[in-house]
Amino acid sequence: MRWGMMIFAMLLMVTAIVAVAVVPMGGGRSPAMYQAISPVPQAPVLVTADTPVIVDEPAPAPPGMVWIPGGAFVMGDRRGAPHKHPEHLDEIPEHHDSQHEHEVTLDGFWMDATEVTNAQFKEFVDATGFVTDAERQRTLDEFAGQVPPDIEVPEELLAPGSICFNPAFDPSKIDKHQAGWVYAGGIWKVQPGANWHAPEGPGSSIDDRMDHPVVHISWDDAVAYCNWAGKRLPTEAEWEYAARGGLQGKHYPWGDESRPGEGWPHNIWQGNFPYENKLEDGAQGTSVARTYPPNGYGLFDMTGNVW
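Its first residue numbered 1, the sequence shown is counted upward by one per residue in the numbering used here.
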């Protein structure tokens with residue numbers, strides 16, 4: 001199983017810091033106070049065999065969060081992503097990392113029951129005046145170390161904007177045998193002016209999507225939100241442990257079948273990507289954060305909804 005996060009389209013769910021007492025959940029802070037906030041507290045270290053594991057909830061769950069009891073689990077899945085062709089698995093190095101099965105033991109923690117919604121992120125922005133990465137002009141210095149020195153970054157990529165699905169891609173340029181075909185074929189494109197409150201670019205809006213998950217959020221944006229809310233991002237191990245919902249050795253949070261019943265258990269692409277989206281789940285893009293059934297821990301959208 002691979003429960004990853006993508007820059008600019010992040011499935012943002014956050015955890016509270018579990019200590020002796022409940023860390024107060026943040027209210028709004030003024031922009032001046034925001035500038036002085038210290039870095040997000042470090043995630044808890046994986047416990048050892050000699051350390052008692054926190055299993056029982058130490059206090060009532062903060063609003064909107066659920067308790068994930070501590071324990072041990074086998075992280076990774078040697079079978080790989082069930083819906084991916086073996087050639088695709090070979091092309092993506094990250095899949096090899098996620099296929100390495102190893103036992104991990106974690107303390108319990110609280111986690112948001114849903115993705116951070118547009119309404120929640122708007123509350124943060126209104127309180128702090130925060131400007132996300134997608135909304136600001138970039139500089140060449142920010143790309144130092146991220147791209148080879150002989151690669152020139154076009155000026156248009158420094159302008160405010162983000163990456164969007166391109167429904168107008170040219171099918172004749174798609175070669176699924178080519179490494180990186182989803183990018184080389186123009187399926188994704190940089191959309192000037194796309195950001196969290198204009199998801200498809202200028203003219204689009206979240207006015208009717210306040211209970212949808214926020215998108216176009218970079219890692220730095222996510223950390224800033226956590227600082228303000230008095231929470232933190234989950235570690236990869238915590239994410240996968242929580243996503244499994246108490247199940248062991250399964251492909252999905254509900255079992256091994258991608259569609260165990262009549263309906264769809266999550267919001268994903270149906271059809272031959274990228275040519276046809278059959279919309280069998282009723283969603284063209286994102287959906288309301290609590291549309292599909294929760295997993296065994298009471299968490300929603302641990303797969304699907306946000307790409």
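Even for Gly, the Cβ is constructed at its ideal location relative to N, Cα and C. Computed from a predicted model, the values in this text were never measured in an experiment.
Outcome for Thr303 when other beta-carbon atoms lying within 10 angstroms are tallied against a minimum of 16: buried
Cross-strand partners of Lys189 (DSSP beta bridge): Cys164
CB-CB length for Thr291 against Val306, believed under 8 Å: The Cβ separation is near 12 Å, so there is no contact.
Cα-Cα separation between Arg2 and Val125, rounded to whole angstroms: Confidence at Arg2 is low in this model, with a pLDDT of 32, below 50, so its placement is unreliable and no value can be given for it.
Spatial neighbours of Arg136 in its chain, beta-carbon cut-off 8 Å, leaving aside the 5 residues before and after: Pro160
Where Thr309 falls, given that 16 or more other Cβ within 10 Å makes a residue buried: As shown, the chain starts at 1 and ends at 307. That puts residue 309 outside it, with no answer to give.
Proximity below 9 Å, CB of Gly249 to CB of Tyr297: no
Close beta carbons around His266, own chain, < 6 Å, minus the five adjacent residues each side: Tyr292, Thr303 and Gly304
Where the alpha helix (DSSP H) through Ala72 begins and ends: No alpha helix (DSSP H) holds Ala72; the beta strand (DSSP E) holding it covers Gly71 to Met75.
Proximity to Val104 [Cα-Cα], best of Val182, Trp239 and Pro192: Trp239
Alpha-carbon spacing of Gly64 relative to Val147, whole angstroms: 39 Å
Rounded straight-line distance, which links the Cα of Ala179 to that of Ser172: 16 Å
Residues bridged to Tyr252 (per DSSP): Gly255
Counted within 10 angstroms of its Cβ, other Cβ atoms place Phe300 as buried (16 or more) or exposed: buried
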